[in-house]
Amino acid sequence: MNIFRLVADLMHLASIFILLLKIQKTRSCSGISFKSQLLYSIVFVTRYLDLFTAFISLYNTSMKIFFIATSIYILYLMKFKFRATYDPNLDTFRVEFLLGGSLLLALIFSDFVLMEILWQFSIYLESVAILPQLFMLSRTGEAETITTHYLFALGGYRALYLINWLWRFVTESHVDKISWIAGAVQTALYSDFFYIYYTKVLHGKKFELP
Amino acid sequence: LSPHREKDEL
Numbered sequence: 001m002n003i004f005r006l007v008a009d010l011m012h013l014a015s016i017f018i019l020l021l022k023i024q025k026t027r028s029c030s031g032i033s034f035k036s037q038l039l040y041s042i043v044f045v046t047r048y049l050d051l052f053t054a055f056i057s058l059y060n061t062s063m064k065i066f067f068i069a070t071s072i073y074i075l076y077l078m079k080f081k082f083r084a085t086y087d088p089n090l091d092t093f094r095v096e097f098l099l100g101g102s103l104l105l106a107l108i109f110s111d112f113v114l115m116e117i118l119w120q121f122s123i124y125l126e127s128v129a130i131l132p133q134l135f136m137l138s139r140t141g142e143a144e145t146i147t148t149h150y151l152f153a154l155g156g157y158r159a160l161y162l163i164n165w166l167w168r169f170v171t172e173s174h175v176d177k178i179s180w181i182a183g184a185v186q187t188a189l190y191s192d193f194f195y196i197y198y199t200k201v202l203h204g205k206k207f208e209l210p
Numbered sequence: 211l212s213p214h215r216e217k218d219e220l
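Note that the protein sequences, when read in sequence, are chains V and Y. Residue numbering for the first sequence is 1 to 210, as defined by our numbering. Residue numbering for the second sequence is 211 to 220, as defined by our numbering.
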C-alpha cells in the first residue's frame, strides 16, 4: 500500500457516498445513468470473485464487500425506490458494445484462465463504464453540482491509481500493463469533464456544456 | 501481457 492508492481508494469510497447522498437528499436519481451503474456492478462482481479464492487483507476484503453491496443498492434505488425519477430516454448508450468488446479483449489476452478472463474483463469494462453517464450528460447539457462532485471523485480515483502504478514500478518493479493502459483510457475519458468541472464548478458556477 | 499474479489492488 502507498499513499497514492490509499487516497485513491478513499476517493472512490467518497464517490459512492456522494452519489448516495445525492439520491437520498433529492429523493431522485435524475441525471444518473442506470446503465453506467449497472456496468460498475458487473465490474465489481467479476473483479472481486477472488473474495472466495484469496485473502489479501482485511482492508482489501471489506472494501470489496462495500463496493459490491453499495453498487447493488444503488441499482435497487434507481430501479425500484426512485424509478419514477429515472428517464430511460436519456440513457440510451449501447452498452452491449462495451460488454462484448471487453469480453473479446479478455478472451484474447488471458490464456483462457477463468479468473484471469474475469479480472481482465472487469478492467476493460471499468475503463469504459462511464461512457453511458457521459453520454447522458452530453444529452442533457448540464448536471447538478453534487453529481459533478460524484463524477470528479470517480474520475479522480483511477487517475491517482496511475500515480500509484508509477510509484510501484519505480519502487517495487511492479508491472501491470493491462491495468496501466486501461487506467489511462479510463482517466482520459474524463478530460472534457475535468476541464468543465475545473473552469465552472470550482468557480461556483453551474456545470453546463458549451 | 499480464502475469497471473495475485491481484492485491482494488
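Yeah, the Cβ is synthetic: ideal placement off N, Cα and C, and Gly gets one too.
Item, Value
"C-alpha distance - S212 of chain Y paired with F112 of chain V, whole-angstrom precision", "Interpretation of S212 of chain Y is limited by its pLDDT of 47, a score under 50 that renders its predicted location unreliable; the figure taken from the coordinates is listed afterwards. Taking the straight line joining both Cα atoms gives about 13 Å."
"Contact list for the segment 59-87 of chain V against chain Y, Cβ threshold 8 Å", "N60, M63, K64 and F67"
"Candidates V:K206, V:I123 and V:Q133, of which the one nearest C29 of chain V by Cα", "V:Q133"
"For A143 of chain V, the three-state DSSP class (helix, strand or coil)", "strand"
"Cβ-based burial, G100 of chain V [other Cβ within 10 Å; buried from 16]", "exposed"
"Helix, strand or coil at E116 of chain V [DSSP, three-state]", "helix"
"Under 8 Å from the C-beta of D9 of chain V: neighbouring residues of chain Y", "L220"
"Simplified DSSP assignment, three categories, for E208 of chain V", "strand"
"Contact list for D50 of chain V against chain Y, beta-carbon separation under 7 Å", "K217"
"For V128 of chain V, the three-state DSSP class (helix, strand or coil)", "helix"
"Where M1 of chain V falls: helix, strand or coil (DSSP)", "coil"
"Given 8 Å, three or more beta-carbon pairs between the segment 7-27 of chain V and the segment 146-160 of chain V", "yes"
"Distance between E219 of chain Y and N60 of chain V (C-alpha atoms, nearest Å)", "8 Å"
"Through-space distance from V175 of chain V to L105 of chain V, alpha-carbon basis", "19 Å"
"Within 7 Å, strictly: CB atoms of F230 of chain V and N164 of chain V", "Since the first residue of chain V shown is 1 and the last is 210, residue 230 of chain V is not available in this structure."
"Amino acids of chain Y, ordered along the chain, whose beta-carbon sits closer than 9 Å to that of I117 of chain V", "Residues of chain Y passing the Cβ test: none, with the nearest at roughly 11 Å."
"Whole-angstrom distance between G31 of chain V and L137 of chain V, CA atom to CA atom", "7 Å"
"Partner residues on chain Y for I56 of chain V, Cβ-Cβ distance less than 7 Å", "D218"
"Cα-Cα separation, I117 of chain V to S127 of chain V", "15 Å"
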